[in-house]
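Notes for the one structure printed next.
Residue numbers (our numbering), protein chains in the order written: chain A, 325 to 650; chain B, 325 to 650; chain C, 325 to 650; chain D, 325 to 650.
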């Protein structure tokens with residue numbers, strides 16, 4: 325009746341959370357307007373071809389680095405470690421793994437980062453030193469336990485929640501994130517032939533900090549979407565109203581995923597990248613020994629939680645477009 | 325600009341989460357009806373004078389042990405550790421501390437627990453081995469990533485969220501939980517004379533797993549409230565409607581706390597214990613190096629977030645009543 | 325700039341609201357369990373093969389008469405007039421129209437009704453005398469301006485909101501309801517060839533009290549759905565969760581209609597009839613001279629408000645099934 | 325069991341709805357910024373010392389005329405009639421009543437109005453001809469059954485919902501509105517000595533279009549508040565967050581009134597006038613023969629629905645201030 329008592333090896337707990345990602349856009353001005361005017365983000369820096377953006381509850385200086393580029397996609401994702409020692413442990417583990425790229429000198433708002441690539445080629449940065457955002461003037465919040473004033477503009481995204489990449493070999497990516505970075509698998513799709521088709525992994529009490537799903541095009545390094553958190557399902561519905569008014573392409577939703585039970589809404593930003601707003605509610609993974617939920621092909625054929633069939637583009641649209649991918 | 329890079333000692337990360345608490349009631353049958361019919365909890369065991377109860381999203385067998393007693397109050401709180409090794413590290417730290425009581429043989433649903441007392445005398449249990457809840461028959465959920473079917477009865481509390489104790493010396497309790505159990509302080513009230521008057525601590529990404537506030541009666545070991553999580557503020561409002569219809573005493577709320585920004589609603593269950601339902605939204609503490617927010621007397625005089633003055637009974641009502649306390 | 329000042333004829337204002345409808349079910353016991361346990365309605369009478377049911381905010385004794393039958397469908401809809409004089413005016417208008425059937429002796433909870441048929445053959449009853457519901461015992465509400473205690477069970481439907489019938493000739497039905505009963509058209513679909521394909525009509529400040537859409541099968545007298553009101557979009561989402569758990573077939577939704585902007589969710593009750601829950605929010609038609617909104621074929625091709633394509637069964641499933649229809 | 329069948333006189337149904345009110349402010353620029361930036365209203369005209377404002381779902385050109393003045397308060401309220409004939413019937417009734425003032429030439433956006441005073445001296449205008457708002461350019465909505473694009477700015481008030489005046493003699497005002505304008509009483513407070521202390525009246529299916537409560541100062545013609553409708557209780561809570569951030573004085577709420585069950589939030593605009601945002605949910609008065617709910621002193625002592633005690637200023641603060649009142 326009572327669980328297993330043997331001494332399993334203790335988990336790696338070195339990654340604190342997803343810090344930010346760098347998104348590429350061929351339409352930098354229109355993308356910026358989307359993130360600021362429609363999503364309600366705040367610009368918190370500019371450097372070179374990049375504008376740095378934040379949700380009102382992001383505690384670091386930014387959670388999105390938006391970079392002008394010849395095409396769309398994700399340039400890198402960045403995770404903050406729990407401590408300097410934790411960062412060094414991860415560097416030590418990665419060195420010689422074949423996945424490492426090496427240290428960079430940091431970026432606006434954070435210190436030196438150690439860069440590696442996942443097996444599918446997505447660039448992953450690890451850093452610890454960071455700049456806490458300090459709101460000034462009209463951006464100061466009324467309550468001092470809040471990073472920034474609630475903007476009351478557009479969708480009012482709260483904070484970066486997670487991201488989703490495409491990959492050719494999901495299993496190889498899962499093992500990479502488990503072994504080198506200590507992420508835990510919470511849910512996955514496994515096809516009848518045993519192929520892993522999608523995975524959701526976490527390093528926090530959120531049920532996922534990122535997901536990967538299969539790139540049927542066979543192209544490596546592509547990006548599926550980034551997701552900002554809102555407080556309630558009602559706010560996702562209101563976001564849909566706002567996207568409709570703003571002429572933003574709504575791909576699918578609002579509806580509830582069967583997997584992870586996320587209440588989702590997917591749109592395309594002007595640069596072509598898919599953006600999700602989702603509620604981040606009371607569902608947390610508190611169990612330190614959570615057993616991954618495995619979904620079969622048959623279960624997936626039922627569609628989303630309330631029966632919506634997954635739209636075809638959800639399985640094909642990634643960024644950059646296949647012919648633009650490196 | 326960029327944060328501090330010195331090597332701070334790494335935090336203790338051995339406690340996974342609040343597992344359950346044991347609540348005493350002098351009116352066991354009426355309290356049980358409250359938790360089952362009004363709050364929407366499910367009975368998942370009986371033993372001796374106790375009934376074990378759960379929210380539909382609690383992954384363990386129960387989160388509340390309701391025990392018939394001559395008076396009200398909390399008999400013990402129980403935390404699950406991240407691993408067996410983590411449990412043993414905490415036991416080693418507590419041994420000889422003067423706070424330890426020693427091992428018990430476990431309880432329905434969990435394995436051996438190590439028992440200690442906080443400086444104010446509240447009993448704290450630590451355990452690792454646990455029984456995962458398995459829903460059967462009509463309690464089986466439609467989605468397999470959910471512990472139990474949504475009951476659609478009463479308030480439908482999702483899971484135990486946190487608890488709040490009273491204590492005579494808050495500072496002593498803070499140091500105990502920091503040093504021996506590795507909890508992190510996220511917010512606190514500090515009076516003008518430097519006295520710590522209340523504290524909120526966490527071992528997860530939730531902004532608190534428990535709180536303590538001062539017992540002005542000078543009595544030790546008393547209890548303030550336990551809190552169940554709901555998904556949205558709208559559900560808290562609906563809970564108020566349901567409490568009104570059920571004749572449950574609403575003490576204060578719904579309103580938003582300035583501290584922690586919790587959207588709260590406090591009622592008294594028939595045994596006299598205070599119960600809160602609160603939303604557990606997108607606000608998470610992701611920073612591994614969160615700096616505690618310190619609230620002054622002057623700041624507290626502003627009342628709650630939207631101006632509600634704290635009701636007097638909130639500072640005086642604890643369980644057991646002062647004259648019944650040991 | 326300023327509107328038209330000529331003296332248009334004054335509108336007929338004799339119908340107060342939709343009172344109830346009689347639904348036929350070949351599975352009376354399972355249908356009853358659906359309406360009581362899943363929708364959260366209250367039984368308020370039984371007579372012959374019928375059970376009478378109510379939402380907690382319906383002021384009359386019932387809003388749904390559920391009658392055991394060999395097949396599904398709607399037996400009649402019933403409107404309450406504003407006064408006895410108003411009823412008599414409508415009777416006078418209908419007499420000799422070819423649509424009249426004549427008086428019946430009333431039913432449980434209401435007085436004599438005048439019965440007629442719309443051009444498509446649906447039976448319509450008009451009555452004025454009615455029995456106000458008086459909640460007793462455990463059904464008494466805490467607030468005396470509410471008809472009945474909030475049940476806190478299942479979906480908790482508030483009140484009957486509207487119904488939707490199928491008809492072969494929409495235009496003929498529109499003219500009937502305008503001329504004989506004084507309903508006002510608020511929105512409609514008109515095909516490129518001028519054919520009216522659907523209509524939404526009201527006699528209140530709600531934007532519709534019933535709708536009709538074309539029966540492509542060419543069968544007369546069929547029924548599309550009845551709708552109960554909930555207070556918020558969040559409650560519709562929660563209803564979807566509850567339907568999923570209860571194994572109820574969700575046809576489509578939750579999503580927002582472009583027409584009327586209703587936030588909808590459609591399910592089938594065990595007898596085969598379509599049931600909707602929808603939010604009844606702040607959108608009201610206050611203008612006494614509302615100009616009907618006309619939707620074209622091209623506009624309808626855009627799908628629902630946020631892009632969902634209308635599911636095929638929505639255009640075909642009606643009750644009774646075509647081969648069972650009279 | 326079945327209701328009364330005698331032929332009561334038929335009700336007057338000549339008033340369609342509350343159209344707008346004219347609010348006076350000694351701080352016109354700050355008041356304007358409040359209504360546009362914080363409440364999210366849209367300016368739709370200027371003339372003389374007045375700015376005309378609208379919510380995104382108001383179908384007429386405006387619902388608020390904001391006029392610079394030496395003090396605060398309401399200059400007039402305006403009701404639209406159901407037809408030109410209805411307007412003329414009301415004029416005929418008022419002529420010689422002692423309450424009439426006479427015709428004016430209309431105003432921006434509406435045609436000639438007949439002006440009268442209620443027994444307490446508040447100015448009431450009746451008009452029929454009106455200008456329908458036509459959104460242009462960036463204000464055009466995506467859905468053509470909506471008056472204007474959802475602004476996604478600040479509180480996003482939907483439409484004017486109701487107003488509340490103070491009066492010395494409530495009963496006299498009730499009789500005036502019943503007899504001359506055909507409003508129906510839905511709820512009232514009657515003191516133990518029989519004095520009517522407050523009243524809620526309607527001419528629509530909303531449960532009230534205005535309210536009056538006693539002016540304890542004995543001053544005539546003062547104003548209590550105006551109310552804008554939002555769609556859900558969640559939006560009222562979000563409004564409270566936004567008012568807090570904007571430094572707007574929150575007087576009381578959000579909470580639920582026992583009377584009318586309105587979910588309320590009261591603030592003061594910079595000119596000193598009280599403004600409410602409230603949800604306009606599924607609660608409608610559909611009964612043509614609604615029996616007024618009478619609340620006693622004892623019942624009122626219970627406070628609001630969930631127990632909040634009414635704040636003292638709610639009984640004393642009106643505009644203009646007593647010493648500035650004419």
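Where is the CB? At the ideal position from N, CA and C, for every residue including glycine. Quick caveat: nothing in here was measured; it's all calculated off a predicted structure.
| Item | Value |
| --- | --- |
| Complete runs of the beta strand (DSSP E) confined to the region 450 to 532 of chain B [at least 3 residues] | 483 to 491, 508 to 514 and 520 to 526 |
| Where the region 508 to 536 of chain A meets chain B: residues whose CB sits under 9 Å from a CB there | 510, 511, 528, 529, 530 and 531 |
| Beta-carbon spacing of residue 529 of chain B, residue 510 of chain A below 7 Å | no |
| Residue range of the beta strand (DSSP E) that includes residue 367 of chain D | 366 to 371 |
| Residue 573 of chain C and residue 628 of chain C closer than 7 Å at C-beta | no |
| Buried or exposed by the 16-neighbour rule on C-beta atoms within 10 Å, applied to residue 396 of chain B | buried |
| Proximity test, Cβ basis, 7 Å: residue 462 of chain A and chain D | no |
| Chain-ordered chain D contacts of residue 641 of chain C [CB-CB under 9 Å] | The premise fails here: residue 641 of chain C is roughly 26 Å from chain D at the closest Cβ pair, so nothing lies under 9 Å. |
| Chain-ordered chain D contacts of residue 383 of chain C [CB-CB under 9 Å] | 609, 610, 611 and 614 |
| Integer-rounded CB distance, given that residue 383 of chain A should sit under 8 Å from residue 471 of chain A | 5 Å |
| For residue 563 of chain C, three-class secondary structure by DSSP | helix |
| Helix, strand or coil at residue 355 of chain A according to DSSP, with G and I counted as helix | helix |
| Bounding residues of the alpha helix (DSSP H) (the contiguous stretch that carries residue 413 of chain C) | 408 to 418 |
| Residue-chain proximity (residue 574 of chain C, chain A), Cβ-Cβ < 7 Å | yes |
| 3-residue-minimum beta strand (DSSP E) runs that sit fully inside the region 555 to 638 of chain D, ordered along the chain | 573 to 580, 587 to 592, 598 to 603 and 617 to 619 |
| Spatial distance of residue 398 of chain D from residue 446 of chain D (CA atoms) | 8 Å |
| Residue 430 of chain C versus residue 437 of chain C - alpha carbon distance | 5 Å |
| Local Cβ density within 10 Å of residue 569 of chain D, reported as buried at 16 or more and exposed below that | buried |
| Buried versus exposed, by CB contacts within 10 Å (16 or more), residue 460 of chain B | exposed |
| Residue 561 of chain D at chain B interface by Cβ criterion, 7 Å | yes |
| Residue 441 of chain A versus residue 380 of chain A: straight-line alpha-carbon distance, rounded | 30 Å |
| The region 353 to 365 of chain C touching the region 622 to 642 of chain D, judged by at least three CB pairs closer than 8 Å | no |
| Beta-carbon gap between residue 503 of chain D and residue 342 of chain D smaller than 7 Å | no |
| heavy atom of the ligand ATP below 6 Å from residue 407 of chain A C-beta | As for the ligand ATP, it is missing from this structure, which has no ligand bound. |
| 7 Å Cβ cutoff, residue 506 of chain A in contact with chain C | no |
| Under 8 Å from the C-beta of residue 293 of chain A: neighbouring residues of chain C | Residue 293 of chain A falls outside the range modelled here, since chain A spans only 325 to 650, and no answer is possible. |
| Cross-chain neighbours of residue 557 of chain B in chain D, by beta carbon under 7 Å | 558 and 561 |
| Closest residue to residue 588 of chain B among B:564, B:408 and B:359 (Cα-Cα distance) | B:564 |
| Residues of its chain near residue 435 of chain D, where Cβ-Cβ distance is below 8 Å and the 5 sequence neighbours each way are ignored | 451, 452, 453 and 454 |
| Nearest residue (CA-CA) to residue 476 of chain C, options C:339, C:485, C:465 and C:583 | C:465 |
| Three-state secondary structure assigned by DSSP to residue 326 of chain C | Confidence at residue 326 of chain C is low in this model, with a pLDDT of 44, below 50, so its placement is unreliable and the value that follows should be read with caution. Looking at residue 326 of chain C - three-state DSSP - the assignment turns out to be coil, as it is neither helix nor strand. |
| Identity of the residue in A:514, A:607 and A:549 nearest residue 484 of chain A by Cα | A:549 |
| Counterpart residues of residue 383 of chain A in DSSP-defined beta bridges | Paired residues: none, contrary to the question. |
| Proximal chain C residues relative to residue 565 of chain B, where beta-carbon distance stays under 7 Å | 474 |
| Exposed unless 16 or more other CB atoms sit within 10 angstroms - verdict on residue 513 of chain A | buried |
| CA nearest to the CA of residue 351 of chain A, picked from A:339, A:390, A:612 and A:488 | A:390 |
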